[in-house]
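In the numbering used here, the protein residues as written are 505 to 578.
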């Protein structure tokens, strides 16, 4: 299920789901290949920013982090 907090109001749901799937495939694929999580996250943010160049890098990293790791738990 896609978290509506991270969707833009004018963005079609199908495009948002496709972007999220691409980001998650990138991250999980690199982690499975033994790449450090940080490198996998950076690559996933790059994929996200390809689809959404208008999003600032810090915000993109926050969104992608939630998509691949979930919210931070203390």
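No residue lacks a Cβ here, since even glycine has one placed at the ideal position from N, Cα and C.
Since this is a predicted model, take the numbers as computed values, not measurements.
Check                                                                                                                                                                                            : Outcome
So residue 552 packs on residue 568, CB below 8 Å; how close in whole Å?                                                                                                                         : 5 Å
Grouping DSSP H, G and I as helix and E and B as strand, with all else coil, what is residue 541?                                                                                                : helix
Would you report the Cα separation of residue 536 and residue 546, rounded to the nearest angstrom?                                                                                              : 15 Å
Would you say the beta carbon of residue 560 is closer than 6 Å to some non-hydrogen atom of the ligand ATP?                                                                                     : Within the structure as shown, the ligand ATP is missing, as the structure has no ligands at all.
Identify, in the order they occur along the chain, each residue of the same chain with its Cβ nearer than 7 Å to the Cβ of residue 548, setting aside the five sequence neighbours on each side. : 527, 530, 531, 568, 572
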